[in-house]
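Encoded as structure tokens, the structure appears first; notes follow it.
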Amino acid sequence: MGTVQEIRIAKRTGFCYGVREAIDKAKEASAAGKATHTLGQVVHNEGVIAELEQLGIQTVDALDDVDHGSAVVIRAHGVRPDVMERASARGLEVIDGTCTWVLQEHKELAKLVEEGYTIVLLGTPNHAEVVGMLGFAPDAIVVDEEDDWDKIPRKKRMALISQSTQPPWKFEKLAAYMVSRSHELKIVNTVCPVTIRRQEDTLEAAREVDKMVVVGGRSSANTKELTRLCGIAGTPAIQIEGVRDLTDPSSFDGVRVVGVTGGTSTPIEDLHAVARRILEMAGTPDVAARADELAGAALALAATPAGRTTSLPKAAAPTSGAA
Ligand code: SF4
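Under the numbering used here, think of the first position of the sequence shown as 4, with each following residue one higher.
Right, here's the structure in full:
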């Protein structure tokens with residue numbers, strides 16, 4: 004018999020504003036009758052991609068796959084400047100969904116290059132956002148985990164900048180490491196505030212529950228970081244891509260309160276579905292019978308306007324409790 008009595012969803016979850024805006028732009032273009040494509044997956048979430056496909060929005064890997072005259076949406080991660088130029092040269096209508104925060108990173112990088120700094124970029128090599136950033140500073144040295152850091156040279160004037168979703172503690176540690184390797188060190192903190200808030204709220208939830216469920220893409224760095232933080236809080240955590248991965252009720256044996264959180268590509272509707280499924284399969288009989296109601300209540304308690312799934316005025320109403 005199930006033991007789960009309560010579910011708590013971390014506050015300020017759901018899409019980050021960058022992802023939300025890019026998806027909305029694609030939907031708007033398609034609603035306006037344009038043949039719409041997104042360059043790369045606009046969000047790493049199968050359900051959302053399927054929904055976009057139903058609206059006729061296709062994901063393409065390369066500009067060559069887009070017909071002349073069609074619209075191509077640049078996702079929140081942004082792209083190298085030459086990709087923008089090639090898209091225009093091919094006669095495509097470019098809809099720039101690059102997150103405003105990432106656009107700011109691009110500007111900062113261009114400025115650092117102009118000022119002659121040796122740039123160190125904290126980021127995941129080959130991640131789309133990092134690839135785009137390198138378009139503005141091709142000589143930047145990309146480093147990720149601590150083992151990488153000894154490749155950072157000693158230079159007179161160095162600058163440190165970050166991919167938006169890097170954990171703040173890592174950025175601070177790297178900044179401290181670089182102090183001794185340069186005479187002048189310029190630190191441009193581009194860790195996204197959404198990432199920071201999400202990590203704080205996940206930690207807070209993890210401290211209050213017996214077990215955490217983290218929902219997000221397997222390869223999503225920000226999702227992995229949330230799982231790691233649950234471990235730091237001393238709370239066992241499982242990471243899943245979605246409700247389909249919840250098949251084993253025994254993983255909640257003896258657990259009374261479960262916390263649910265999600266990465267920046269996970270819509271709040273997915274968190275609701277996960278909460279409901281946990282209650283159904285691992286709740287006490289009374290709780291399991293009221294799973295839908297209790298999951299809705301948990302979402303209503305957690306949902307904030309920042310976590311909404313769309314900013315479009317006439318979009319279908321999201322799951323109850325979503326602002
Ligand atoms: S995590 Fe932050 S910087 Fe990255 S897309 Fe979302 S809002 Fe923009």
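Beta carbons: idealized from backbone N, C-alpha and C, even for Gly.
Item: Gln61 (DSSP reduced to helix, strand or coil); Value: strand
Item: The stretch 133-143 touching the stretch 175-186, judged by at least three CB pairs closer than 8 Å; Value: no
Item: C-beta contact flag for Thr267 and Asn225 at 7 Å; Value: yes
Item: Distance cut-off 6 Å: Gly21 Cβ against heavy atoms of the ligand SF4; Value: yes
Item: Range of the contiguous alpha helix (DSSP H) that encloses Ser91; Value: 84-92
Item: Under the three-state DSSP convention, the category Arg11 falls into; Value: strand
Item: Enclosing beta strand (DSSP E) for Ser165 [first to last residue]; Value: 158-165
Item: Cβ distance (whole Å) where Thr313 is taken to contact Asp27 below 8 Å; Value: 6 Å
Item: Buried or exposed by the 16-neighbour rule on C-beta atoms within 10 Å, applied to Arg3; Value: The chain is shown from 4 up to 326; residue 3 falls before or after that span and cannot be answered.
Item: Ranges of the beta strand (DSSP E) found wholly within the stretch 146-232, counting only runs of at least 3; Value: 158-165, 185-190, 214-218
Item: Buried/exposed call for Trp104, threshold 16 Cβ in 10 Å; Value: buried
Item: Limits of the alpha helix (DSSP H) - the one that Asp295 falls within; Value: 294-305
Item: Where the beta strand (DSSP E) containing Val123 begins and where it ends; Value: 121-125
Item: Between the CA atoms of Val46 and His80 - distance to the nearest angstrom; Value: 10 Å
Item: Nearest to Arg247 (by Cα), restricted to the options Arg279, Leu232, Ala236; Value: Arg279
Item: Contact test: Thr193 Cβ vs the ligand SF4 heavy atom, cutoff 6 Å; Value: no
Item: Exposure label - Gly59; buried when at least 16 CB within 10 Å; Value: exposed
Item: Pairwise C-alpha distance: Thr101 and Gly21; Value: 7 Å
Item: Secondary structure of Ala140, DSSP reduced to three states; Value: coil
Item: Collapsed DSSP secondary structure at Glu244 in the structure displayed; Value: coil
Item: According to DSSP, residues forming a beta bridge with Ile98; Value: Val76
Item: Heavy atom of the ligand SF4 within 6 Å of Thr267 beta-carbon; Value: yes
Item: Three-state class that DSSP yields for Leu330 in the structure shown; Value: Only positions 4 to 326 of the chain appear in the structure, and residue 330 is not among them; the question remains open.
Item: Cβ neighbours of Val76 in the same chain (closer than 6 Å, five flanking residues each side left out); Value: Lys28, Ala29, Thr41, Ile98, Gly100
Item: Extent of the continuous alpha helix (DSSP H) run through His109; Value: 103-117
Item: Exposure of Lys154, with buried meaning 16 or more beta-carbon neighbours within 10 Å; Value: exposed
Item: For Leu249, three-class secondary structure by DSSP; Value: coil
Item: Val22 - containing alpha helix (DSSP H), residue span; Value: 20-34
Item: DSSP three-state assignment for His130, whether helix, strand or coil; Value: coil
Item: For Val277, the first and last residue of its enclosing alpha helix (DSSP H); Value: 271-285
Item: Exposure label - Glu111; buried when at least 16 CB within 10 Å; Value: buried
Item: Pair within 7 Å by beta-carbon distance, Val216 and Val263; Value: yes
Item: Spatial distance of Gln44 from Arg78 (CA atoms); Value: 8 Å
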